[in-house]
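Just so you know, the sequences run in chain order L and R.
Position one of the first sequence corresponds to residue 1 (this note's numbering), numbered consecutively onward.
Position one of the second sequence corresponds to residue 1 (this note's numbering), numbered consecutively onward.
We put the beta carbon where it would ideally sit given N, CA and C, even for glycine.
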Amino acid sequence: MAKAVDIGTSFIVGARLEDGNEVFTVERDAFFSMPREDLSEELITRAGANFLIRGNEIFVVGEDALKYCMITGRHEAYRRPMKMGVLNPGEEEAIPLIERLIEGIVGPADFPGEVIAATIPAAPLDTELDVTFHKIVLERFLKKLGYDVRILNEALAIIYAECPTVDDDGAQAPFSGIGISFGAGMTNLVVAWRAKKLFEISVARGGDWIDQRVSQVRNIPVGKVTHEKEKGLDLSKVDPKNPLHLGLEIFYEELIKHVLTEFATHFKSTQTTFSNPLDVVIAGGTASVPGFIDKFKEILEQQGAPVPIGNVTLGQDPLRTVAKGALVAAVSMEKKKLAKQAEAEREAAAQAAAAAKPAPKPAPKPDLDEIDIEAGV
Amino acid sequence: MWMVKNTLRATLTFRGLDLSIPAGATYDLDALGRERAESSNQVLVAFEEGYLENVHKAARVESDRLPTQAPTASDGLTGAEFEARMKEFQRQFVSELKTHIPALAVSSNESAMTKDVKALVDEFKLLREHFELERNKLARAGDLSDAEVRARMAFLEEKENELVKNFERVGRRVETKDGDVMGKADMLSNL
Chain L
1 MAKAVDIGTS FIVGARLEDG NEVFTVERDA FFSMPREDLS EELITRAGAN
51 FLIRGNEIFV VGEDALKYCM ITGRHEAYRR PMKMGVLNPG EEEAIPLIER
101 LIEGIVGPAD FPGEVIAATI PAAPLDTELD VTFHKIVLER FLKKLGYDVR
151 ILNEALAIIY AECPTVDDDG AQAPFSGIGI SFGAGMTNLV VAWRAKKLFE
201 ISVARGGDWI DQRVSQVRNI PVGKVTHEKE KGLDLSKVDP KNPLHLGLEI
251 FYEELIKHVL TEFATHFKST QTTFSNPLDV VIAGGTASVP GFIDKFKEIL
301 EQQGAPVPIG NVTLGQDPLR TVAKGALVAA VSMEKKKLAK QAEAEREAAA
351 QAAAAAKPAP KPAPKPDLDE IDIEAGV
Chain R
1 MWMVKNTLRA TLTFRGLDLS IPAGATYDLD ALGRERAESS NQVLVAFEEG
51 YLENVHKAAR VESDRLPTQA PTASDGLTGA EFEARMKEFQ RQFVSELKTH
101 IPALAVSSNE SAMTKDVKAL VDEFKLLREH FELERNKLAR AGDLSDAEVR
151 ARMAFLEEKE NELVKNFERV GRRVETKDGD VMGKADMLSN L
């Protein structure tokens, strides 16, 4: 049965169905490098860690990278293959290492041509960042593992996971609404109608951008900002005397304003109009902070949107929503593919039967039972 | 605990001690026995030459002689009193730990998954420091019997192992029984 993979800046999430249950495998999108030595290699093997050898270096990948970082205390050796939603251009080992991580999570295809849906961001509007290279590298690698690869916008995956519905002249139009993925590296937005993507934008700002900005203006290490953001921040009750929380609130607001401004500016060009309100479904780690949805609603009310808006909700499980939506898409695509194959086989069989059928004799007339048997071949 | 770090970019091997410390790695020399490590010339030379540096040297506690079985009544305490005092210590320590590091103490995958690596590392350090602090307190405690100190040390060791194990499990496999993926996939196929 089909699989899905969401390749994010902080985590890679794989999704599959096992005995009717949704099974997610989450791995840190990170690696740890150390000089190659026979002893290190032996130790890592004995510890069961996931690693890769390149030249004179050993790279421990995924969650194991974090363990080695902690054991040795060498933070500088902890590296990330993704940056701003795509393969990190400043990390020369990014490709083999992300491949190793993906392989560890999804494994090879269970059968040749198994469908896998992989999510990628849209090209960002506000920076020179090409997603084509990222897309092709991942697509090729998944094909090498034996999959039939389908690429999907990560915000559209949110629509598939949460299935917002719009009233369309008395009938319900499923998978229609606005999906926004607030990730670590990027924010993606799509407008979908009956599961079709009508509009998409992406901005190269997300959780990492907030952390960096606050770090700059408050002169605090980024790690500490991130830690505070994820541990102590509640956007619904920010203490104005706490400069760090105040900084986080300001840049959260800036991020939301920027996304809504870009949405308004670029949606005009589509010349599409909606009479009925569209629900907004939000997911992603950056949106997991308490009070985020209320803050989003507050800014949305102030700025407005280019389409009428209904409810604004947070995905059931913001960190896994994208992977879940990609799995919905993959299962659906595989069903369609199998149905098509079955249809093609039936047609081929019918054609073969017609070709094998002997020229009709003028007399005597063929027996009806015999024709039935031939047609069924 | 006597944690030392190999500062070299090569493995440091102490042949006489049957010990190798990989480049940049830390090692608890108390694993060899404090006396043996302190009296080793090789260790001494490694420190003098700067190959090894001290990360943390705890006050001397004869942890290598800790019992693994529950002690019997001793040092003027009845079995019941010993048990009661031990339970109170355990309850108090775990409660303190939960206050300091709630995410680790409850072993929640989800909360841990949202944390940045540096935050996780910081929490891990905090955890180790808290255990170390408690060990030092125990080593200095004059009002506890030897048996109580040993039992409490054993409890700390067991708890620390348990938490470290939880920590290492962060971010792996998560299973849900939501079951609506197939339903939504059907709906999507029929559009």
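- The C-alpha of E81/R is placed about 12 Å away from the C-alpha of L144/R.
- The criterion of a C-beta distance shorter than 9 Å is satisfied by T127/L and M84/L.
- The beta-carbon distance between A2/L and E114/L, rounded to whole angstroms, is 6 Å. This is short enough to meet the 8 Å contact definition.
- Setting aside the 5 residues that flank it on each side, V61/L is surrounded in the same chain by F31, N50, L97, R100, L101, each with a C-beta closer than 6 Å to its C-beta; the list follows chain order.
- Think of a sphere of 7 Å around the beta carbon of T176/R: the chain L residues whose beta carbon falls inside it are N21, E22, in chain order.
- In terms of beta-carbon proximity, R15/R stays away from the interface with chain L, with every pair separated by 9 Å or more.
- Selection T273/L, Q271/L, I151/L evaluated against V5/L yields I151/L as nearest (Cα-Cα).
- Nearest CB-CB separation between G24/R and chain L: below the 9 Å threshold.
- Judged by DSSP secondary structure, R194/L falls outside any beta strand (DSSP E); it is assigned neither H nor E.
- Within a 10 Å sphere around the beta-carbon of A171/L sit fewer than 16 other beta-carbons, which makes this residue exposed.
- For the segment 326-338 of chain L, the residues whose beta carbon sits under 9 Å from a beta carbon of chain R are, in order, L327, V328, A329, A330, V331, S332, M333, E334, K335, K336.
- Rounded to the nearest angstrom, the gap between the Cα atoms of R346/L and K340/L is 10 Å.
- Its chain contains Q90 as the residues whose beta carbon lies nearer than 7 Å to that of F155/R, once the 5 sequence neighbours on both sides are disregarded; these appear in chain order.
- Within the segment 3-39 of chain L, the complete beta strand (DSSP E) segments at least 3 residues long are 3-7, 11-18, 21-28, 31-35, listed from N- to C-terminus.
- Separation of the CB atoms of I309/L and L300/L is rounded to 7 Å, and the pair is thereby assigned contact status at 8 Å.
- Distance between V238/L and L246/L, taken at the CA atoms: about 7 Å.
- For A204/L, the secondary structure class from DSSP, reduced to helix, strand or coil, is coil.
- Under DSSP, T13/R shares a beta bridge with S20/R.
- Proximity of chain L to R9/R at the Cβ level (cut-off 7 Å) is accounted for by P35, in chain order.
- The beta-carbon distance between I158/L and S181/L, rounded to whole angstroms, is 6 Å. This is short enough to meet the 8 Å contact definition.
- A Cβ-Cβ contact shorter than 9 Å links S33/L with R79/L.
- Proximity of the segment 218-229 of chain L to the segment 270-281 of chain L falls short of the contact definition, fewer than three beta-carbon pairs being nearer than 8 Å.
- Interface annotation for the segment 248-266 of chain L against chain R: empty, criterion Cβ-Cβ distance under 9 Å.
- For the C-beta of M187/R, the chain L residues within less than 8 Å are, from N- to C-terminus, C163, P174, F175.
- Residues of chain R whose Cβ lies closer than 9 Å to the Cβ of K197/L do not exist, since the nearest Cβ in that chain is about 13 Å away.
- In the three-state reduction of the DSSP assignment, V166/L falls in the strand class, which pools E and B.
- Proximity of the segment 199-207 of chain L to the segment 134-152 of chain L falls short of the contact definition, fewer than three beta-carbon pairs being nearer than 8 Å.
- Per DSSP, reduced to three states, the secondary structure at N41/R is helical.
- In the three-state reduction of the DSSP assignment, N136/R falls in the helix class.
- Per the coordinates, the alpha-carbon of E93/L lies some 19 Å from the alpha-carbon of G185/L.
- Nearest CB-CB separation between L19/R and chain L: not below the 9 Å threshold.
- Put simply, the backbone Cα of T176/R is about 21 Å away from that of E154/L.
- Contact check between the segment 266-274 of chain L and the segment 316-332 of chain L: fewer than three CB pairs, one atom from each, fall below 8 Å, which does not count as touching.
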